[in-house]
Ligand SMILES: [Zn+2]
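Residue numbers (this note's numbering): 33 to 240.
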């Protein structure tokens, strides 16, 4: 097991916990490690991870190294890595503000913030399925090809990144955005950007 990768998962897990993105024993984080995946164990709290809470699995979900049972959402992570060669880390959490949108079955798809349009396009909503089920993998993974971040209806959110830090920063950005959108509801509603302005932002995306 790669020590540095394990260390990074523990460090970013603690940050995710400290930021209140992963309340209690919920959520799971992983990183690609060569032909295998390092993932948090079932029942571990992301904010309080220890060395033994990280398990190495292969792409069939079997444990390669570690004494604990891998997260029950392992196949969701595996599918993200399978579909996207550029994804090196996956974070699944029930962060309160994004999960509020997921619980209301509302995608974050209105063009309000240039930064969100530039980074994600939009944050779509995958249809509900039982946590840990094959159906959940099927319904959520239909978005993996085109999106780095997806809301999971009545459940939470999943984010993929080019590194653990990248996945974490995307989560932080999206969670802050969800909080802003909730605030706009109290102020009187967000101003929606025009199609023309959205096109200009999309043209910047092609340059990256
Ligand atoms: Zn979950």
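A virtual CB, placed ideally from N, CA and C, is assigned to each residue, including glycine.
Cβ-heavy atom distance, residue i to ligand 1, below 7 Å
| i | result |
| --- | --- |
| residue 105 | yes |
| residue 163 | yes |
| residue 124 | yes |
| residue 188 | yes |
| residue 173 | no |
| residue 58 | yes |
From the options, residue whose alpha carbon lies closest to that of residue i
| i | options | result |
| --- | --- | --- |
| residue 202 | 128, 123 and 134 | 123 |
| residue 82 | 132, 44 and 145 | 44 |
| residue 62 | 170, 52 and 107 | 107 |
| residue 169 | 135, 112, 50 and 210 | 112 |
| residue 104 | 139, 57, 231 and 137 | 57 |
| residue 114 | 175, 162 and 159 | 175 |
| residue 66 | 49, 33, 79 and 54 | 33 |
| residue 139 | 78, 77, 163 and 210 | 210 |
| residue 47 | 125, 110 and 218 | 125 |
| residue 141 | 230, 68 and 172 | 230 |
| residue 244 | 110, 78 and 217 | There is simply no residue 244 to check, as the chain begins at 33 and stops at 240 in what is shown. |
| residue 94 | 198, 173, 71 and 135 | 71 |
| residue 102 | 60, 79 and 64 | 60 |
| residue 157 | 127, 216, 204 and 137 | 137 |
| residue 52 | 77, 73 and 100 | 77 |
| residue 50 | 204, 232 and 96 | 204 |
Beta-bridge pairing of residue i - partner residues as DSSP gives them
| i | result |
| --- | --- |
| residue 60 | 124 |
| residue 72 | 86 |
| residue 229 | Its beta-bridge partners do not exist; DSSP assigns none. |
| residue 213 | In the DSSP output, where bridge partners are listed per residue, residue 213 has none listed. |
| residue 158 | 184 |
| residue 97 | 88 |
| residue 102 | 73 |
Distance cut-off 7 Å: residue i Cβ against heavy atoms of ligand 3
| i | result |
| --- | --- |
| residue 89 | As far as ligands go, the structure on display features ligand 1 and does not contain ligand 3. |
Subject >> Contact the segment 219 to 226 vs the segment 140 to 149: 3+ CB pairs below 8 Å >> reply: yes
**OP:** Inspect the CB distances between the segment 113 to 121 and the segment 190 to 204 and report whether three or more fall short of 8 Å.
**Re:** yes
**OP:** Mind the definition here: the segment 129 to 142 touches the segment 177 to 192 only if three or more C-beta pairs lie below 8 Å; say whether that holds.
**Re:** yes
Original post:
Does the segment 34 to 43 come close enough to the segment 68 to 85 to have 3 or more Cβ pairs within less than 8 Å?
Top reply: yes
Original post:
At a cut of 8 Å, does the segment 169 to 181 reach the segment 153 to 160 through at least three beta carbon pairs?
Top reply: Result yes; three or more Cβ-Cβ pairs closer than 8 Å.
**OP:** Pair every Cβ in the segment 86 to 96 with every Cβ in the segment 136 to 147, then say whether three or more of these pairs are closer than 8 Å.
**Re:** Counting Cβ pairs under 8 Å, fewer than three are found: no touch.
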